[in-house]
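Student: If you count the sequence shown from 1, position 196 lands on 195 in numbering that gives the first Met the number 0, and the numbers rise without skipping.
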Amino acid sequence: MRTRTLLLCGAIGAPLFVTVLLVEGALRPHYDPVYHSGSQLSLGGRGWIQIASFVVTGLLMVAFAAGVRRALGSRAVALLVGVFGVGLIVAGIFPMDPMQGYPPGAPQGIPGETSWHHQVHDLAALPVFLGLPGACVVAAFRLTGWWRPYSVATGLAMLVLFVVYGLAWEQDAANAGLIQRVLIVTGWAWLTLLAVRLLRRSTAAR
0 MRTRTLLLCG AIGAPLFVTV LLVEGALRPH YDPVYHSGSQ LSLGGRGWIQ IASFVVTGLL
60 MVAFAAGVRR ALGSRAVALL VGVFGVGLIV AGIFPMDPMQ GYPPGAPQGI PGETSWHHQV
120 HDLAALPVFL GLPGACVVAA FRLTGWWRPY SVATGLAMLV LFVVYGLAWE QDAANAGLIQ
180 RVLIVTGWAW LTLLAVRLLR RSTAAR
């Protein structure tokens, strides 16, 4: 039951984050989900919702990592998922600076200098967007059937999308937010499906 509870944290956490991201992005006044990043939802009067999403999802992913260790038997995958979760927590605690006209009154474009907490937020992106694709690739060696090519493809797709998003962000591209959302949905979908798979396997083994 303890293992199933930990795995359930993964099945809940990833969809929760994506739901908050998409719903808040669509409903937040003056926010453009195609242009603005998901992290910018941490700003403004309703910023606490995205901050809570970062922290709660991160905690659920750390718990899920323990479940992965038990169910999949891989310390490496568990460590990478745990690092991913910690990155989300840090990203929530240290929000980015207002920019790109959001919230209203923020400077347009991307400033040349940023605050220390913005820099910490940026650093937190590395364990998030490198830790998860790393977990995908390593997990492929523990999984069978179609899960192997799917996991490798997801990991590689995330790495490519992360680079593309980084370039779009630096160029202040009009579609940077959309690229980031594709990146997030790609990786978080893999996490959700992995949690469901491990839950089913755990149930079948009982």
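Here a beta-carbon is modelled for each residue, glycine too, at the ideal position from N, C-alpha and C.
State the beta-bridge partners of Y101 as determined by DSSP.
Tutor: Note: Y101 sits in a beta bridge opposite M98.
Student: What does a CB cutoff of less than 6 Å around A221 pick up in its chain, not counting 5 residues either side in sequence?
Tutor: Since the displayed the chain opens at 0 and closes at 205, residue 221 lies outside it and no answer follows.
Student: Could you tell me whether the Cβ atoms of M157 and G133 are closer together than 7 Å?
Tutor: It is not a contact, given that the beta carbons lie outside the stated cut-off.
Student: Just mark H29 as buried or exposed, buried being the case when its beta carbon has 16 or more other beta carbons within 10 Å.
Tutor: Answer is exposed; the Cβ neighbour count stays below 16.
Student: So, is T18 buried or exposed, given that buried needs 16 or more other C-beta atoms within 10 angstroms?
Tutor: It is exposed - the Cβ of T18 has fewer than 16 other Cβ atoms within 10 Å.
Student: Count the other CB atoms within 10 Å of the CB of S36; is the residue buried (16 or more) or exposed (fewer)?
Tutor: By the 10 Å Cβ count, S36 comes out buried.
Student: Kindly indicate which residue of V61, I48, Q39 has the alpha-carbon position closest to the one of A10.
Tutor: Out of V61, I48, Q39, V61 has the C-alpha closest to the C-alpha of A10.
Student: Quick one: measure Cβ to Cβ for A70 and R200, integer angstroms, because I've assumed they're closer than 8 Å.
Tutor: That pair is a contact at about 7 Å.
Student: Can you give the beta carbon distance from V33 to G91, rounded, assuming they're within the 8 Å contact cut?
Tutor: Not really, about 23 Å apart at Cβ, beyond 8 Å.
Student: Using beta-carbon positions only, say whether Q49 and L58 come within less than 7 Å of one another.
Tutor: No; because the gap between Cβ atoms is not below 7 Å, this pair is not in contact.
Student: I need the straight-line Cα distance from A75 to V159, nearest angstrom please.
Tutor: One C-alpha to the other measures close to 22 Å.
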